[in-house]
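Residue numbers (the numbering used here), protein chains in the order written: chain P, 1 to 320; chain Y, 321 to 540. The next block holds one structure in the form of structure tokens; read it before the comments.
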Ligand code: HEM
């Protein structure tokens, strides 16, 4: 509720994002930042464009495939809350306010709690995990996320024995997210996982990429990353996580049930009605002359060893 | 006068090639963004439908503005619609189908034909796209002076196929978008307007003919 009201608060009442970043930098003892803070008016403007660096360890399971350039990860976004045009979010999300920000965790849990994003950042040791990211539209990237296991986060609220699924919700704030004024999708964006999927060690909440805080257009300040599923499952800019007993109705499923299922595991054997999922365009910055970088799509996006057992005995063509 | 026509034709020709020059330049300057194949597919699709609409707009515009000499550009603009349609189709064949088969290590003539055939049969947006492009083929072939003379009155009838090509293009667009139908709806509106105005012309012409023949009948 507080979040929905945020745009009504006079802008002078909230700490500007740039100042916030300054403070972080200052606390981190960045010499240049500290020097510039001596002249606040100049400093805040200069530092507004300087991304916040994150502290993290390196996760040993990262892929060594060629990483997608930062500029492509930040200028090719399916983030319909801002625009249906993939170039759109980079500009339209520029002034998106990610502070103050809270994530409310509720539902079938023993200890429901609303977390402040800065507490989340402090309390969860961050790791860099380089994952493959496969979009349902048959393109893929390799992205160095910074985040922490979703399981650790959920354990803090103690899901009870009735909890079977986890439902995630994106911020609903049409003043800040112009795409939410259109009816292309049912807002707010909702996604869901089975509880065991959410507890899988590969599922993370990401707060950064390329070592810095998530750019707004990539789902700042906190998003889900489930690398064995199509990208739209990895919901962005999360404000609510609810433990429930019934399978959530995720937004794309509601929009086109025959095209986007609840599971949406990457599966080369189950075509999208309009295109094949057997191969993918790996966007690794090679440009037009690298258009040939077409590669076969792997079952579970190559993460079968870690996730396939969750689906044993299930018909994954029917449960797409 | 003759000179002016020649120069204006060259200018229109240059304008029509501009999108092509633009995409080629961007390709070689690495300016196609993160996903070049997708960009080229969409760019060529956009210009195919735009040129179809411009072609359809020439007749109403020349009547409304009384710039009757505009007719001289119609064939060229129509042929450019076909040109961009062919580029769009080739993008699909080469940068989609060929590259996919190559990635799967199964690229040969038979597999390519099979994959294309399956897609055309299975995916309705491709089916209707093929119909749209297919209808343009006889129009492009019979666009020469020789064919115009040979076909006489039938030429005009044949070339009404472009209406269906445009309709197919719009349906294709409706069926391929994921959720946002705003652009296909806009194009549908424009096509409806351009075809609607032709119905008005047709009714007007019929009335005029009837009026012209009425006094003759009365005199008899
Ligand atoms: C009258 C003929 C055609 C017209 C007017 C046309 C027009 C278009 C338009 C406007 C788009 C969307 C562009 C955008 O979103 O910016 C498009 C996309 C596309 N067209 Fe066509 N097209 C035609 C024929 C074809 C044919 C013959 C094929 C292939 C056999 C084809 C394959 C495609 C594909 C693969 C896409 C991209 C679909 C996607 O992104 O999911 N089109 N076309």
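Where is the CB? At the ideal position from N, CA and C, for every residue including glycine. Since we're looking at a predicted model, the values are computed, not measured.
Residue i: CB within 7 angstroms of a non-hydrogen atom of ligand 1
i, result
"residue 437 (chain Y)", "no"
"residue 475 (chain Y)", "no"
"residue 488 (chain Y)", "yes"
"residue 353 (chain Y)", "no"
"residue 361 (chain Y)", "yes"
"residue 453 (chain Y)", "yes"
"residue 446 (chain Y)", "yes"
"residue 258 (chain P)", "no"
"residue 368 (chain Y)", "yes"
"residue 450 (chain Y)", "yes"
"residue 283 (chain P)", "no"
"residue 496 (chain Y)", "yes"
"residue 275 (chain P)", "yes"
"residue 412 (chain Y)", "yes"
"residue 80 (chain P)", "no"
"residue 509 (chain Y)", "no"
"residue 388 (chain Y)", "no"
Cβ pair residue i, residue j closer than 8 angstroms
i, j, result
"residue 218 (chain P)", "residue 162 (chain P)", "no"
"residue 145 (chain P)", "residue 225 (chain P)", "yes"
"residue 206 (chain P)", "residue 166 (chain P)", "no"
"residue 230 (chain P)", "residue 266 (chain P)", "yes"
"residue 157 (chain P)", "residue 190 (chain P)", "no"
"residue 188 (chain P)", "residue 181 (chain P)", "no"
"residue 78 (chain P)", "residue 262 (chain P)", "no"
"residue 251 (chain P)", "residue 185 (chain P)", "yes"
"residue 331 (chain P)", "residue 96 (chain P)", "Here chain P comprises residues numbered 1 to 320, so residue 331 (chain P) is not present and cannot be evaluated."
"residue 360 (chain Y)", "residue 343 (chain Y)", "yes"
"residue 269 (chain P)", "residue 98 (chain P)", "no"
Alpha-carbon to alpha-carbon, residue j and residue i
i, j, result
"residue 495 (chain Y)", "residue 411 (chain Y)", "19 angstroms"
"residue 302 (chain P)", "residue 155 (chain P)", "27 angstroms"
"residue 505 (chain Y)", "residue 479 (chain Y)", "25 angstroms"
"residue 138 (chain P)", "residue 519 (chain Y)", "43 angstroms"
"residue 437 (chain Y)", "residue 339 (chain Y)", "30 angstroms"
"residue 492 (chain Y)", "residue 122 (chain P)", "51 angstroms"
"residue 72 (chain P)", "residue 354 (chain Y)", "5 angstroms"
"residue 247 (chain P)", "residue 414 (chain Y)", "41 angstroms"
"residue 400 (chain Y)", "residue 75 (chain P)", "31 angstroms"
"residue 24 (chain P)", "residue 52 (chain P)", "Its pLDDT being 42, under 50, residue 24 (chain P) is placed unreliably in this model, and the coordinates cannot settle the point."
"residue 385 (chain Y)", "residue 453 (chain Y)", "30 angstroms"
"residue 460 (chain Y)", "residue 402 (chain Y)", "7 angstroms"
"residue 42 (chain P)", "residue 183 (chain P)", "Its pLDDT being 43, under 50, residue 42 (chain P) is placed unreliably in this model, and the value from its coordinates should be taken loosely. Approximately 41 angstroms between the Cα atoms of the pair."
"residue 321 (chain P)", "residue 313 (chain P)", "With chain P running from 1 to 320 in the structure shown, residue 321 (chain P) is simply not present."
"residue 160 (chain P)", "residue 107 (chain P)", "9 angstroms"
"residue 406 (chain Y)", "residue 221 (chain P)", "44 angstroms"
"residue 352 (chain Y)", "residue 334 (chain Y)", "22 angstroms"
"residue 317 (chain P)", "residue 309 (chain P)", "16 angstroms"
"residue 177 (chain P)", "residue 169 (chain P)", "14 angstroms"
"residue 282 (chain P)", "residue 85 (chain P)", "20 angstroms"
"residue 136 (chain P)", "residue 366 (chain Y)", "22 angstroms"
"residue 349 (chain Y)", "residue 293 (chain P)", "18 angstroms"
"residue 458 (chain Y)", "residue 440 (chain Y)", "20 angstroms"
"residue 304 (chain P)", "residue 227 (chain P)", "11 angstroms"
Ligand 3 heavy atom lying under 7 angstroms from the CB of residue i
i, result
"residue 84 (chain P)", "No copy of ligand 3 occurs in the structure displayed; its ligands are ligand 1 alone."
Classification of residue i by the beta-carbon crowding that lies within 10 angstroms, buried from 16 upward
i, result
"residue 388 (chain Y)", "exposed"
"residue 532 (chain Y)", "exposed"
"residue 345 (chain Y)", "exposed"
"residue 559 (chain Y)", "Residue 559 (chain Y) lies beyond the residue range present for chain Y, which begins at 321 and ends at 540; the question has no answer from this structure."
"residue 280 (chain P)", "buried"
"residue 391 (chain Y)", "exposed"
"residue 210 (chain P)", "buried"
"residue 57 (chain P)", "exposed"
"residue 526 (chain Y)", "exposed"
"residue 514 (chain Y)", "buried"
"residue 382 (chain P)", "This structure gives no information on residue 382 (chain P), because the portion of chain P shown stretches from 1 to 320."
"residue 300 (chain P)", "buried"
"residue 45 (chain P)", "In this prediction, residue 45 (chain P) has a pLDDT of 41, which is less than 50 and means its spatial position is unreliable; what the coordinates show is noted afterwards. Exposed: under 16 other Cβ atoms inside 10 Å."
"residue 256 (chain P)", "exposed"
Under 9 angstroms (Cβ pairs) to chain P, residues found in the stretch 352-371 of chain Y: 352, 353, 354, 355, 356, 357, 358, 359 and 360
Residues from the stretch 426-449 of chain Y in contact with chain P, defined by Cβ distance under 7 angstroms: 443 and 445
Interface positions of the stretch 232-250 of chain P facing chain Y (Cβ-Cβ less than 8 angstroms), listed along the chain: none
Contact residues within the stretch 183-201 of chain P, judged by C-beta distance below 7 angstroms to chain Y: 184 and 185
Residues in the stretch 496-527 of chain Y having any Cβ partner in chain P nearer than 9 angstroms: 496, 497, 498, 499, 500, 501 and 502
Against chain P: residues of the stretch 395-427 of chain Y by CB proximity under 8 angstroms: 415, 419, 420, 422, 423 and 424
Residues of the stretch 62-79 of chain P whose Cβ lies closer than 7 angstroms to any Cβ of chain Y, in chain order: 72, 75 and 76
Residues of the stretch 203-222 of chain P with Cβ closer than 9 angstroms to any Cβ of chain Y, in chain order: none
Interface residues of the stretch 137-166 of chain P facing chain Y [CB-CB below 7 angstroms]: 139
Chain Y contacts made by the stretch 168-181 of chain P, where a contact means CB separation under 7 angstroms: none
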